[in-house]
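Engineer:
In UniProt numbering, the protein residues as written are 1 to 303.
1) Using a C-beta cutoff of 8 Å, does residue 75 count as contacting chain D?
2) May I have the straight-line CA-CA distance separating residue 39 from residue 288, to the nearest angstrom?
3) Under the assumption that residue 71 contacts residue 33 (Cβ atoms under 8 Å), give the Cβ distance between them as a whole number of angstroms.
4) Give the secondary structure of residue 218 by DSSP, where H, G and I count as helix, E and B as strand, and everything else as coil.
5) Beta-carbon within less than 7 Å of residue 181's beta-carbon, same chain only, minus the 5 sequence neighbours each way: which residues are those?
6) Expressed to the nearest angstrom, what Euclidean distance is found between the alpha-carbon atoms of residue 222 and residue 297?
7) Take residue 195 and list the residues in its own chain whose beta-carbon comes closer than 8 Å to its own, dropping the five residues that flank it on each side.
8) Check whether the stretch 117 to 137 touches the stretch 95 to 104, counting contact only when three or more Cβ pairs, one atom from each stretch, lie closer than 8 Å.
9) Just to confirm the assignment, what range does the beta strand (DSSP E) spanning residue 67 have?
10) Note the first and the last residue of the continuous alpha helix (DSSP H) segment covering residue 264.
11) Just list the residues that DSSP pairs residue 15 with in beta bridges.
12) Taking the alpha helix (DSSP H) that residue 239 belongs to, which residues open and close that run?
13) Could you check whether the stretch 158 to 167 touches the stretch 276 to 288, counting it as contact only if at least three pairs of C-beta atoms, one from each stretch, sit closer than 8 Å?
14) Run through the stretch 141 to 166 for me and flag every whole alpha helix (DSSP H) of 4 or more residues, listed as ranges in chain order.
15) Please state whether DSSP places residue 211 in a helix, a strand or coil.
16) Compare the C-alpha of residue 261 against each of 225, 52 and 248 and name the closest.
17) Taking contact to mean 3 or more Cβ pairs, one atom from each stretch, closer than 8 Å, check whether the stretch 45 to 61 and the stretch 19 to 34 are in contact.
18) Give me the Cα-Cα distance between residue 203 and residue 295, rounded to the nearest whole angstrom.
19) Mark residue 1 as exposed unless 16 or more other C-beta atoms lie within 10 angstroms of its C-beta, in which case mark it buried.
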């Protein structure tokens, strides 16, 4: 496990659902706890490496259906206790509770640890984000930590700004949502026949909400870009835009180019491309595309 060095009075930790590369997490001294997924009764660990992400996508393209598992209370307890025992306070930042009840296990573990370490600070920050949105949010927390902000300042900033990180997704194949129990057989079949691509948004609730359905991949990707006009914030040099793909790198590059053509004010912005991790990837399948960025505020499109 990566633990805080001498300059750190506290550690920011997270789970593998930020989809940040293992190299970044190591460089910035961010411990992470891994989710697991199962294929053909064999359990695999999401270790935040490109190899794991490529393996999952290759398996899904071969017709395998992965299943993800919650992180247990005991696993959270052991993970966080090690950080505390090393002399650090800890801020644990996780994916939105609307997509996984694992965070409830984290809360119970933190309650127990707070009683064991009464003089230490240990907090759970529900980001109401996932994958690229969580990655961007986490990077901003880490930036402030490395600039010397104290624990309470970072927690306060996180709670004040977490709803400003925008997620827009496109799912390529509705059959993956059906297999994962998130869509009926009839809806998936009809959507596949008509080549319907749902566009998905995360409002303040942290839930996945379909805000539009478009026929055809090319039109759907253009529509995803156009929709960003509703909530994207003005360009600032310390922010980043993330494009997340599931085994569709060339499409992600084209998507980035089209985004810049549509929004030329972002031509000098840092627009990075990242491969989707196994946790969300298990439910949406190959050729998924997403864009996450700092926004003015999330839209009220709850359904």
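Just so you know, even glycine gets a beta-carbon here, dropped at the ideal spot from N, CA and C.
Structural biologist: Once the coordinates are examined:
1) No chain D is present in this structure, which holds just one protein chain.
2) 20 Å
3) 6 Å
4) helix
5) With a pLDDT of 48 at residue 181, under the threshold of 50, the modelled position of this residue cannot be trusted; read the value that follows with caution. If we look at residue 181 and ignore the five residues flanking it on each side, it has no Cβ neighbours.
6) 22 Å
7) 215, 216 and 217
8) yes
9) 67 to 69
10) Careful: residue 264 lies outside any alpha helix (DSSP H) and carries neither H nor E.
11) 33
12) Run containing residue 239: none; DSSP gives neither H nor E here.
13) no
14) 151 to 161
15) strand
16) 225
17) yes
18) 12 Å
19) Note that residue 1 scores a pLDDT of 48, beneath 50, so its modelled location is shaky; the value from the coordinates is reported in the next line. Classification for residue 1: exposed.
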